[in-house]
Structure formats: structure tokens, C-alpha cells
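Student:
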Amino acid sequence: MQKNTVFIRVLALCVKRVVTEAGSYYFWSMKSLIIKYKAFLIGFVIIPIFYVLKHYGFIIIPEGESTAFNIFTLFWGLAIALPIHFFTYLKKKVRIVKGVVSLGLLFFVALFVDSVMRMPDNPITLSLLLAFWLGLVYFLVPDFCKKYWKVFAIYYTPLFLYYLYHRIFSENIEAYMQIKEEFPIFAFVLPVPVFFIFWLYEQWKWLKNLKAEKAQAELALLRTQINPHFFFNTLNNLYALTIKNSMQAPEVILKLSDMMRYTIYEGEKELVSISDEIDYLNNYIELHQIRYKKSVDIIFEHEVNPEIKIAPLLFIILLENAFKHGVETLAENAFIHIRLHENAGELCFEIENNFDPEESKSTQGIGLQNLKKRLVLLYENQHELNFNTKEDVYSVTLKIARDA
161 MQKNTVFIRV LALCVKRVVT EAGSYYFWSM KSLIIKYKAF LIGFVIIPIF YVLKHYGFII
221 IPEGESTAFN IFTLFWGLAI ALPIHFFTYL KKKVRIVKGV VSLGLLFFVA LFVDSVMRMP
281 DNPITLSLLL AFWLGLVYFL VPDFCKKYWK VFAIYYTPLF LYYLYHRIFS ENIEAYMQIK
341 EEFPIFAFVL PVPVFFIFWL YEQWKWLKNL KAEKAQAELA LLRTQINPHF FFNTLNNLYA
401 LTIKNSMQAP EVILKLSDMM RYTIYEGEKE LVSISDEIDY LNNYIELHQI RYKKSVDIIF
461 EHEVNPEIKI APLLFIILLE NAFKHGVETL AENAFIHIRL HENAGELCFE IENNFDPEES
521 KSTQGIGLQN LKKRLVLLYE NQHELNFNTK EDVYSVTLKI ARDA
């Protein structure tokens, strides 16, 4: 019995502590939430103020438009709350603050005029409100307004003049109200969805251009990474020859010079002819054949239209890897077989080499990573890059759509 009593007391203390901590957490959470969003509590004070003004007749609301009045009050509650909430940011944006204040003053002047004159569809009030809304739209999307201001003017100017003519020159208010019923007010708001579609189209174009510029910047960065990677490997080869005082060093320097010219000048172009790429690969192969004393079986077959255009320096990475991870790991019987051909509207580059499995590395170098990124940027959804390893033979197939 005593054990049960002790257990109940412990359980009660635990429950009390949990409830206390939960209540404390809830209190501080609510307090921090209120502090963070106090601007909206301040802003929405205007909502009951509007209803008080409506009750005492300072604001005239036609029958059947209570929903519009509710939306109106909610809008101005947000209009007051948001500047307070973003006060720290707005302090740094003086021009924005001036614009918001000016629009607010303009709107309240329109309300004051309307309450004093108490005239249905007051031309002065509507003119001020029109200026307010045009200013608000311009304030939010200035570039869009500058581009399409003629469309706004062509549509709204005749409508506004039509309204002014009938409102001012009608014999009496009943005659005007009859004309108003015959000419529905939705004509004024009819183009709003169209303008909104235009605005969405502008945003889509902006995002598309931004994406294209980002891709071009990334591509330019990748191109700058190609040159150091290639020349690092090639200069290592030349260094080995000069140490041995090889008579072939001058020939290597000449070929290296040709390859540097191609890499620097042709490599910056968007497209080059496939024949130039073939010559570049042949120079690279010959450079390595000069370097190696061992026998290497290298076959390069190409059956393509020499006028085909392609992005430069795509195949050299695969050829470099074949030498680096294949030929250089074998003491004898090394081979590299390359075939470049056209097949069913695709340009196919196939390269196969043997390697020493004990010397192979699973990690991919910067060159191959670079190639993958470039292919995505240049031939997204229009290329296929496949790798295959079978025993001691490694093969790569790169396919690029010819119409890419």
C-alpha cells in the first residue's frame, strides 16, 4: 500500500512538472509570437475604426456591398501592418517609404472628399482613387507599367472620359444611374486578368533569362577549368621528355603549341566542326605515342560528315582518361580503340581501353565531372553517356543528338 502511495505521488509530481513546463513553453511561445507579429495587431485596429466611421455616416456604403467593404477594411489593415512589420527594412529604403506615404495620403484625401461631398460616384473621388490605384500598381511593378503603359492608356482613357461625360453632363442623377446600369462596371476591371497574364509572362521570361545567364556563367567557368587540367597533364609529359634530352621534345612542343592554340581560341567558341575535333584528338594521340617507348595499340576510326558542328573539347576528357587510367597502368599489351560515327540521327563516340585492375581507382577526376556538367548545360535531354567495365576492359559511349 505504501509503495502504491509513493508511486502515485511521484506520478503526480511528474504530471505537474510536465503541465507546468508545457504551460510555460506555451506562454513564452505565444509571447514571442505576439512580439514578432505585433505590427498586425496594430494594423488591424483600423478595422473597427472603419466600422465606427460607417456607423456614424462618415463612410457611405451602398446596400449589397458589405463584402466589398470587408475586403476594403482588410486591405487597409494589411496596408498599415506591413510597413510597421518591415520598418527596419523600410528605414533603408527612403524612396519606398515616401511612395507608400504619398499613396496613403492620396487615398485618405479621396475618402475625405467623398465623406464631405456625399455625392454618388463623385468624379473627384473616383479620379483620386484612380490616381491612387495607378500609383500603387506603378509602385509595385514599375518596369511592367513602363512597358505596357500605352495599353493601359488606350483602354482606360476612353472609359474614364466616357464616365466623366455622362456623370457631369447628365440631366440628373437618375439619368446617370440608368446609363450606369446599361453600361456594366465590369468593363473597367475586364482587362485586369489580361494584364495579370502579361505580368506572369514577363516573370516567366525573366526567370528563363536568369536561368540561361546562370547556365552560361557556369559553362564559362567549366571551360576555364578545362585548360589547366589538360595542360597539367601535357606539361608533365613534356617534362619527362626534356629530362631525358629526347630528340622528340621539339616535335612535342610544336604539337603542344597547336593544341594550345585550338584549346584557347577554338575552345571558346560555342560550336566547332567535327573535323577540327578529329584533328585535335589525332594530335593528342601522336603526342602520347612520341612519349611512350612501349608499344600501344591505338586505333581511331571516324566516319562522319566533316561539316557537323559540335561543342568543342568534349571527347578529349575521355581520351585523356583512357591514357591515364589505362595505358599508364600497363607495362605491355595496352590498347585504346576509338570509333566516331553517325547512327540514327546521333553522333556516337565510343572509346575502349584495357587497364590493370590492381591499379584502378574508383574515384572520378575533375575532368570527367566537368564533362558531365558541360553535357547537361549544352545538351540537356539530348545526350547519353554510358560507362561499362568488363574484367580488365573499360568502355565509354557518348551519344549526342545531331539536331541538338
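The opening position of the sequence shown corresponds to residue 161 in our numbering, with each subsequent residue numbered one higher. By construction, the Cβ of each residue, glycine as well, lies at the ideal position given by its N, Cα and C atoms. Quick caveat: nothing in here was measured; it's all calculated off a predicted structure.
1. Assuming the contact rule is C-beta atoms closer than 8 Å, F292 and L263 should be a hit. Round their C-beta distance to whole Å, please.
2. Rounded to whole angstroms, what's the CA-CA distance from V166 to I194? Just pull it up for me.
3. Need the endpoints of the beta strand (DSSP E) that D457 sits in, please.
4. Would you mind stating whether I477 and I458 have Cβ atoms separated by less than 7 Å?
5. What does the Cβ neighbour count give for L288, buried or exposed, with the cut at 16 atoms within 10 Å?
6. Terminal residues of the continuous beta strand (DSSP E) containing N493?
7. Using only alpha-carbon positions, find the residue among I498, F218 and Y211 that is nearest to T227.
8. Does DSSP put R534 in a helix, a strand or coil?
9. So, does the region 494–509 touch the region 526–537, judging by three or more C-beta pairs under 8 Å?
10. What residue from R255, I220, F299 and I207 has the CA that sits closest to G237's CA?
11. Quick check: what's the CA-CA separation for V178 versus V205?
12. Going by alpha carbons, who is nearest to M420 out of A313, L473 and N369?
13. Are the CB atoms of L441 and V153 within a distance shorter than 7 Å?
14. To the nearest angstrom, how far is the alpha carbon of F200 from that of F268?
15. Less than 6 Å between C-beta atoms, sequence neighbours within five positions excluded: which residues of the same chain meet that for Y322?
16. For the beta strand (DSSP E) that F475 lies in, which residues bound it at each end?
17. For K557, collect the residues of the same chain with a Cβ closer than 6 Å to its Cβ; drop the 5 residues on either side in sequence, then sort them by chain order.
18. Under three-state DSSP, which class holds R499?
19. Please classify Y422: is it buried, with 16 or more other beta-carbons within 10 angstroms of its beta-carbon, or exposed?
20. Could you please give the first and the last residue of the uninterrupted alpha helix (DSSP H) stretch that includes K310?
21. Output needed for I240: all residues of its chain with C-beta closer than 6 Å, excluding positions within five of it in sequence on either side, in chain order.
22. How big is the Cα-Cα spacing for F235 and K198?
23. Suppose you measure from the CA of V297 to the CA of E480; what does that come to, to the nearest Å?
Tutor: With the structure as the only source:
1. Locating residue 292 in the sequence shown gives position 132, counting from the first residue. Locating residue 263 in the sequence shown gives position 103, counting from the first residue. With 8 Å as the limit, F292 and L263 qualify as a contact, their Cβ atoms being about 6 Å apart.
2. Taking the first residue of the sequence shown as 1, we reach residue 166 at position 6. Taking the first residue of the sequence shown as 1, we reach residue 194 at position 34. Unreliable placement is indicated for V166, whose pLDDT of 47 sits below 50; no coordinate value is reported for it.
3. Position 297 of the sequence shown, counted from the start, is the residue given in the question as residue 457. Note, D457: beta strand (DSSP E), V456 to E463.
4. For the purposes of this step, residue 477 is taken as residue 317 along the sequence shown, with counting starting at 1. For the purposes of this step, residue 458 is taken as residue 298 along the sequence shown, with counting starting at 1. Not closer than 7 Å, so no.
5. The count along the sequence shown starts at 1 and reaches residue 288 at position 128. The residue is buried, with at least 16 neighbouring Cβ atoms inside 10 Å.
6. The residue given as residue 493 occupies position 333 in the sequence shown. Segment: none, N493 is in no beta strand (DSSP E) and carries neither H nor E.
7. Start at 1 with the first residue of the sequence shown, and residue 227 comes out as number 67. The residue with the shortest Cα to Cα distance from T227 is Y211.
8. As a working mapping, residue 534 is identified with position 374 in the sequence shown. Looking at R534 - three-state DSSP - the assignment turns out to be helix.
9. no
10. Sequence index remark: in the sequence shown, residue 237 carries index 77 (1-based). Among R255, I220, F299 and I207, the Cα nearest to that of G237 is on I207.
11. The residue you call residue 178 lines up with position 18 of the sequence shown. The residue you call residue 205 lines up with position 45 of the sequence shown. Below a pLDDT of 50, predicted positions are generally treated as unreliable, and V178, at 48, falls in that range; no measurement from the model is reported.
12. Position 260 of the sequence shown, counted from the start, is the residue given in the question as residue 420. Answer by Cα proximity: L473.
13. Here the chain has residues from 161 to 564 only, and residue 153 is not among them.
14. Locating residue 200 in the sequence shown gives position 40, counting from the first residue. Locating residue 268 in the sequence shown gives position 108, counting from the first residue. Each residue's alpha carbon lies about 20 Å from the other.
15. Here residue 322 refers to the residue found at position 162 when the sequence shown is read from its first residue. So no residue of the chain qualifies.
16. Position 315 of the sequence shown holds residue 475. First-last for F475: undefined, no H or E at that position.
17. In the sequence shown, the residue the question calls residue 557 occupies position 397. Reading the sequence as shown, one finds Thr at residue 557 and not Lys. The answer, listed in chain order, is E510 and N546.
18. Position 339 of the sequence shown, counted from the start, is the residue given in the question as residue 499. Note: R499 maps to strand in three-state DSSP.
19. Taking the first residue of the sequence shown as 1, we reach residue 422 at position 262. Buried.
20. One-based indexing of the sequence shown puts residue 310 at position 150. Unbroken alpha helix (DSSP H) run through K310: P302 to F329.
21. Position 80 of the sequence shown, counted from the first residue, corresponds to residue 240. G203 and I206, listed in sequence order.
22. To locate residue 235, count along the sequence shown from 1; it is residue 75. To locate residue 198, count along the sequence shown from 1; it is residue 38. So the two alpha carbons sit approximately 17 Å from each other.
23. Within the sequence shown, the letter at position 137 stands for residue 297. Within the sequence shown, the letter at position 320 stands for residue 480. Spanning the two alpha carbons is a distance of roughly 58 Å.
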